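Going by the working numbering, the first residue of the sequence shown is number 2, and it counts up by one from there.
No residue lacks a Cβ here, since even glycine has one placed at the ideal position from N, Cα and C.
As the structure is a computational prediction, the values presented were derived from the model and not from experiment.
See structure below.
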Amino acid sequence: MSALFQIQSRSPETYRQQTRRSTLTIAVIFIALAMLLSSSAVMLFGTEGGDNFRWNLGGVLAALAATFAFVRIVLWQQPFMAEAAYGWNLKRSLMRITNVMHHVKAGVGARNETAMKLLRFYHLGVTQMHQLDGNSSALSEMVKEIDQHRERMEEMNLDINQPAIYQQWLDEVKAIPAQRS
């Protein structure tokens, strides 16, 4: 069974430094493209002294699409984007669980082993995300829930080290009848 995502050890300081760098790089690329494409569109299609808003807007939208494509096709694999790509994939994995959390909580209530593991991965992932983002206040609100769940897993003799998420787990948990709130 191959993991959808694996939690890896990351330095919060390096993560924040590299994500700022990659964000700045992408912003500079977007701004340069937006100025170039907007100016070009107005020059080619605009009217002198007329309303060229739509050509400016078209240039900005084209720059947005070009920047997105450039980031996904070229920059995403570059070493300086590794931290940003990791963070994006971590948050995407956590969102997959959030989308089925009502099933996860029902499974945890029924002591379903897969739901227990999935919630543990979620807790480990959220903990890392808050540490990487430097958001300790949001994490402090979850400590009691995280500790209680870890203790329940230990009582059930389940491995509390759950650094990966698997599609099979998500599929299995989706089959658990959801709790009504």
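With a minimum length of 4 residues, the unbroken runs of alpha helix (DSSP H) contained wholly in the segment 154 to 179 fall at 168 to 175. Contact between the segment 3 to 23 and the segment 56 to 71 is absent, with fewer than three C-beta pairs closer than 8 Å.
Across the set S40, A67, Y87, the C-alpha of Y87 shows the shortest separation from the C-alpha of S23. Around the C-beta of N113, 16 or more other C-beta atoms lie within 10 Å, and the residue is accordingly described as buried. According to the DSSP assignment, Q78 belongs to no alpha helix (DSSP H), since it is labelled neither H nor E. Beta-bridge pairing by DSSP links F46 to no other residue. If one requires a minimum length of 4 residues, the alpha helix (DSSP H) runs lying completely within the segment 92 to 160 are 102 to 110, 114 to 134, 137 to 141, 144 to 156, in chain order.
A direct Cα-Cα distance of roughly 15 Å separates G59 from A33. Look at Q18 here: in three-state DSSP terms it is helix. Inclusion of A179 and H104 in the CB contact set at 7 Å is warranted, their separation being smaller than that value.
Annotated as distal: L159 and M130, with beta-carbon spacing of 7 Å or more. S94 is the residue among G135, E142, S94, L140 whose C-alpha sits nearest the C-alpha of Y123.
For T115 against V174, the beta-carbon gap comes to about 6 Å, under 8 Å, which counts as contact. Per DSSP, the beta-bridge partners of Q7 are A165. Of I30, N100, N57, the smallest CA-CA separation from F69 is found for I30. Of the candidates D52, A139, L119, N136, L119 places its Cα closest to the Cα of N162. With contacts defined by Cβ atoms closer than 7 Å, I147 and F6 do not form a contacting pair. In the displayed model, N57 falls within a helix according to three-state DSSP.
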